Amino acid sequence: MLYNNHLKSHFGDDDNGGQGKVANDQRRTRQAEMIATIVAQRQRADARYVILGDMNDAPTTAPLAPMLTIDGKALTNALANAAETQPPKADPGGFDPASPVWTHRFKPTGQPTEYELFDQIWLSEALAPRLGNAFIDRRTNLTGDGSDHDPAWVELDL
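Basically the numbering used here = 1-based index in the sequence shown + 36.
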């Protein structure tokens, strides 16, 4: 079973002296809690399932924490060791990513580029041993290609 998601963006984080970020984080937290509730209600504890999508937060952030354990079983980050299909274009400011595991880049005005794994694939405990390879495809056209995210996928031995 696949559970595809798109959580609240960071748009408006700077609103009201930073209160926009608080509100956005709270909304993503509620969304993560609801994901966990829905999956727990629909899946047996030993079921094979995938939770994926644009989470709009890095895997280790507090807003996502509620969905990373379902029925007491921790999910596996299937992209934790993803390989790039090709190297990314050089960062114009010279701020290259610390790790190849990212799908979203954002360049705040006057700040270094931020690289985050916003697009995620999480596997249930029963499905995690079936993980083969994981990939992140680096876009060559950074504008006008329909997305600000690099596509990611995994191979599962089913």
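Glycine included, C-beta positions come from ideal geometry on N, C-alpha and C. For clarity, every value in this text was computed on a predicted model and none was experimentally measured.
Query                                                                                             : Result
Cβ contact check for the segment 114-126 and the segment 157-175: 3 or more pairs under 8 Å       : yes
Exposed unless 16 or more other CB atoms sit within 10 angstroms - verdict on LYS44               : buried
Euclidean distance between Cα positions of ASP127 and GLU150                                      : 10 Å
Proximal residues to ARG166 (C-beta, below 7 Å), its chain only, five neighbours per side dropped : LEU192, ASP193 and LEU194
Helix, strand or coil at GLY129 according to DSSP, with G and I counted as helix                  : coil
Buried/exposed call for SER183, threshold 16 Cβ in 10 Å                                           : exposed
Option in ASN60, ASN41 and ASP90 with minimal Cα separation from ASP186                           : ASP90
LYS109, DSSP secondary structure in three states                                                  : strand
ASN198 in three-state terms, based on DSSP                                                        : The structure shown has nothing for residue 198, since the chain only spans 37 to 194.
DSSP three-state assignment for VAL137, whether helix, strand or coil                             : coil
Per-residue burial, ARG80 [other beta carbons within 10 Å of its own, 16 or more giving buried]   : exposed
8 Å CB neighbourhood of ARG64 in its chain, flanking five on each side removed                    : LEU43, LYS44, MET91, ASN92, ASP93, PRO99 and LEU100
ALA68 vs MET103 beta-carbon contact at 7 Å                                                        : yes
8 Å CB neighbourhood of ASP50 in its chain, flanking five on each side removed                    : GLY56 and LYS57
Beta strand (DSSP E) segment containing GLU161, residue limits                                    : Per DSSP, GLU161 belongs to no beta strand (DSSP E) and is neither H nor E.
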